[in-house]
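For reference, the structure discussed in these notes is given below.
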Amino acid sequence: MKYDVLILEPFREMTLMVADFIPTLLIALGILFIGCIIAHAVQKLVVRMFMPFDEAAESMGITQALKKGGVRQKPSAVLGCLTYWVMMVMVLIMSVKALGVAAVSGVLDRLLAYIPNVITGVVVLIFGMLLAKFVATIIYIAAKNTDMPIPLTLAKLSKLAIIIYVSIIYLTEIGFVGLFSGANYSIFLTGIVFALALAFGLAGKDVAAKYLGVLDKTAK
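Below, the structure written as structure tokens:
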């Protein structure tokens, strides 16, 4: 009787726990299997729906931009792949929640809540890069037409300033808020200004002298 309590009772409890967990495991595997099939079906549907837009995307330069970024697939295939992985992430989260693992569910919830911040940051970064290129082109044309010295350098400096500002917004969106608040922001900004000033002082003194000489001649 004593051995029954020491050996058989723990074994019986473990067997009951496994037996209770098997239905939950089967439900989670079922969600994963069905979700995978649905994700594949939706991916094919999205690819077929957006196939007519591949030619328009190529004429607009979107396909070429994707190729420059190392993406060889057509835009319709890219959208289908993105749709598939978004759905698979949702299926994985549903499967984990069905298992009832609280710790993993909490981590996945935080990860899922973080995704919109990353997407917003990337959109801001892409828009900022395009804006920086546009502003740099405008400044170069204006400086060239008004006979200002080093118009290309002015355009590059303007582009760099916008990129730095947009990068700060991007880092703030993805969670580096503490880096740009209070004393941390002052230290960070001072470091950037000091680095730029040092770089200009060491490498750009001849350009600055030339620019000041042109301004002096213009004033006379």
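Last residue of the sequence shown: 560 (the numbering used here), numbering continuous.
Glycine included, every Cβ here is placed at the ideal spot set by N, Cα and C.
Model, not experiment: these values are computed from the prediction.
Pairing residue 435 with residue 535 gives a Cβ-Cβ distance that is not under 8 angstroms. Setting aside the 5 residues that flank it on each side, residue 430 is surrounded in the same chain by 375, each with a C-beta closer than 8 angstroms to its C-beta; the list follows chain order.
With respect to the C-alpha of residue 378, the residue from 420, 451 and 480 having the closest C-alpha is 420. Residue 494 is positioned such that its CB atom lies closer than 8 angstroms to that of residue 483. In this structure, residue 364 sits near residue 439, with a CB-CB distance shorter than 8 angstroms.
DSSP places residue 415 inside the alpha helix (DSSP H), whose first and last residues are 415-439.
Per DSSP, reduced to three states, the secondary structure at residue 464 is helical. With fewer than 16 other Cβ atoms from the protein chains shown falling within 10 Å of its own Cβ, residue 505 counts as exposed.
Just measuring C-alpha positions, the residue of 508, 418 and 407 sitting nearest residue 462 is 508.
With respect to the C-alpha of residue 498, the residue from 513, 490 and 472 having the closest C-alpha is 472.
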